[in-house]
Structures are given as C-alpha cells and as structure tokens.
Amino acid sequence: MVVNRVTGLPPGIYHYRVAGPNDDGVIDAGRGHALEQLQDGPLGDAVAQAALGQEWAANAAVVFIWTAVFTRARWKYRERAFRYVYLDAGHIAAQVSLAAVAQGLGSCQIAAFFDEEVDGLVGIDGEDEGTVYMTAVGRPLTDKRA
Ligand SMILES: Cc1cc2nc3c(=O)[nH]c(=O)nc-3n(C[C@H](O)[C@H](O)[C@H](O)COP(=O)(O)O)c2cc1C
0 MVVNRVTGLP
10 PGIYHYRVAG
20 PNDDGVIDAG
30 RGHALEQLQD
40 GPLGDAVAQA
50 ALGQEWAANA
60 AVVFIWTAVF
70 TRARWKYRER
80 AFRYVYLDAG
90 HIAAQVSLAA
100 VAQGLGSCQI
110 AAFFDEEVDG
120 LVGIDGEDEG
130 TVYMTAVGRP
140 LTDKRA
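Residues in the sequence shown are numbered from 0 upward in steps of one, following numbering that gives the first Met the number 0.
Dropping the structure here:
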C-alpha cells in the first residue's frame with residue numbers, strides 16, 4: 000500500500016504480511032497479519048508517475064499495489080497459473096471497491112502503469128514477483144452535476 004493520507008498511518012509504502020509460516024517455513028502462532036513499512040515519506044507523485052503519469056493517483060489517500068508471487072500459483076495450477084493470478088487480482092480489487100463504498104469512499108482500478116517503475120517502488124523483481132494491478136482509494140470529489 001502506498002499511503003498518502005491515512006489517519007494513524009504515516010505516509011510511506013507498506014507491505015501486507017499475511018499470517019503463516021516464516022521464510023524458513025516454520026509456523027509461528029504469534030506471527031499474525033501485519034503491515035510492514037518498506038519506505039518512508041509521501042510517495043504520491045512517484046506512484047502517479049509509475050501509473051503512466053495519471054496525476055489524480057498522487058492525491059489518492061492510499062493506492063493498493065497488487066503483486067503476485069507466481070510460483071505460489073504455478074506449483075498447483077501449472078499452465079493455468081496466470082489465469083488464477085489475474086482473476087484473483089480482479090476479485091480482491093472488487094472487494095476493496097465494495098469496502099470503499101461501504102465507508103463512503105471512492106476507488107478506481109489502475110491497469111495502466113509502467114511495470115518496472117511500480118515493481119521498483121515496492122522492491123520486487125517483476126519475474127518471481129510482479130505487479131498485476133493497482134487500486135486507488137480516497138474521498139471522492141463531490142459530483143457538481145448532482
Ligand atoms: C481492469 C481495469 C483497469 C483499469 N485501469 C484504469 C486506469 O489505469 N486508469 C483509470 O483512470 N481508470 C482505470 N480503470 C477504471 C475504469 O476507467 C472505470 O471503471 C471506468 O472509468 C468506470 O468508472 P465508474 O463506474 O466509477 O464510472 C480500470 C478499470 C478496470 C476494470
């Protein structure tokens with residue numbers, strides 16, 4: 000998550016660590032879901048630039064960057080792994096959109112981005128793990144037509 004303006008969370012980039020085994024495969028019951036800060040500071044401009052220069056993304060309260068570790072799907076789904084990865088990204092982004100609406104917020108999906116720039120922001124190589132989608136969430140501007 001690229002956090003720009005979220006109460007209680009300093010601006011920066013955060014990794015959502017799922018509960019489960021650590022890097023050595025050991026399950027530690029005390030190791031639950033957590034946000035791990037990867038970078039400090041306002042990075043709205045950087046994420047907007049990486050999103051093909053879509054300037055509105057710089058002002059979003061938070062931009063979710065959905066990445067996939069491809070081997071996690073490939074060991075099971077083989078040649079269908081990409082299908083599962085991309086469908087899963089769509090499902091999770093849709094859930095975030097619904098959660099945003101439920102909280103009176105707006106969201107916009109982002110598929111237009113420079114792969115290497117976004118991967119670089121979150122420190123992944125684009126091969127073993129790559130960015131597949133992004134979702135910006137924030138307070139929508141009031142629709143003046145309404
Ligand atoms: C797969 C996908 C990729 C999208 N990528 C972008 C994008 O990069 N930039 C953008 O402004 N909107 C993007 N959108 C959002 C669509 O433009 C948006 O759904 C459309 O404008 C309708 O929005 P509304 O239903 O809120 O009016 C994407 C939507 C989808 C489903």
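Here a beta-carbon is modelled for each residue, glycine too, at the ideal position from N, C-alpha and C. Computed from a prediction, not measured in an experiment: that's the story for all the values here.
Less than 8 angstroms between the beta carbons of Ala67 and Glu115, yes or no?
Within the sequence shown, numbered from 1, the residue matching residue 67 stands at position 68. Within the sequence shown, numbered from 1, the residue matching residue 115 stands at position 116. In this structure, Glu115 does not lie closer than 8 angstroms to Ala67 by Cβ.
Looking at the secondary structure, which residues open and close the alpha helix (DSSP H) in which His90 lies?
To locate residue 90, count along the sequence shown from 1; it is residue 91. Where His90 is concerned, the enclosing alpha helix (DSSP H) stretches over 80–101.
Identify the continuous alpha helix (DSSP H) that holds Thr141 and give its terminal residues.
One-based indexing of the sequence shown puts residue 141 at position 142. That residue, Thr141, is in no alpha helix (DSSP H); it is neither H nor E in DSSP.
Closer than 7 angstroms to a non-hydrogen atom of ligand 1 - does that hold for the CB of Ala60?
To locate residue 60, count along the sequence shown from 1; it is residue 61. No; taking the cut-off as 7 angstroms, the Cβ of Ala60 has no heavy atom of ligand 1 nearer than that.
Select from Pro9, His14, Pro139, Asp44 the residue whose C-alpha is nearest the C-alpha of Met0.
Translated into the one-based positions of the sequence shown, residue 0 becomes position 1. The closest CA to that of Met0, considering only Pro9, His14, Pro139, Asp44, is found on His14.
Between the C-alpha atoms of Asp118 and Ala18, what's the straight-line distance to the nearest angstrom?
As a first step, residue 118 must be located in the sequence shown, where it is residue number 119. As a first step, residue 18 must be located in the sequence shown, where it is residue number 19. Their Cα atoms are separated by approximately 23 angstroms.
Taking all protein chains shown into account, do 16 or more other C-beta atoms lie within 10 angstroms of the C-beta of Ala101, making it buried, or fewer, making it exposed?
Position 102 of the sequence shown, counted from the first residue, corresponds to residue 101. With fewer than 16 other Cβ atoms inside 10 Å of its own Cβ, Ala101 counts as exposed.
State the Cα-Cα distance for the pair Arg73 and Val25, rounded to the nearest angstrom.
Against the sequence shown, residue 73 aligns to sequence position 74. Against the sequence shown, residue 25 aligns to sequence position 26. Going by the C-alpha atoms only, they are around 22 angstroms apart.
Can at least three beta-carbon pairs, one atom from the region 130–143 and one from the region 91–109, be found at a separation below 8 angstroms?
yes
In the DSSP assignment, find the alpha helix (DSSP H) that holds Thr66 and state where it starts and stops.
Looking up residue 66 in the sequence shown gives position 67. Going by DSSP, Thr66 is part of no alpha helix (DSSP H) but of the beta strand (DSSP E) stretching over 61–68.
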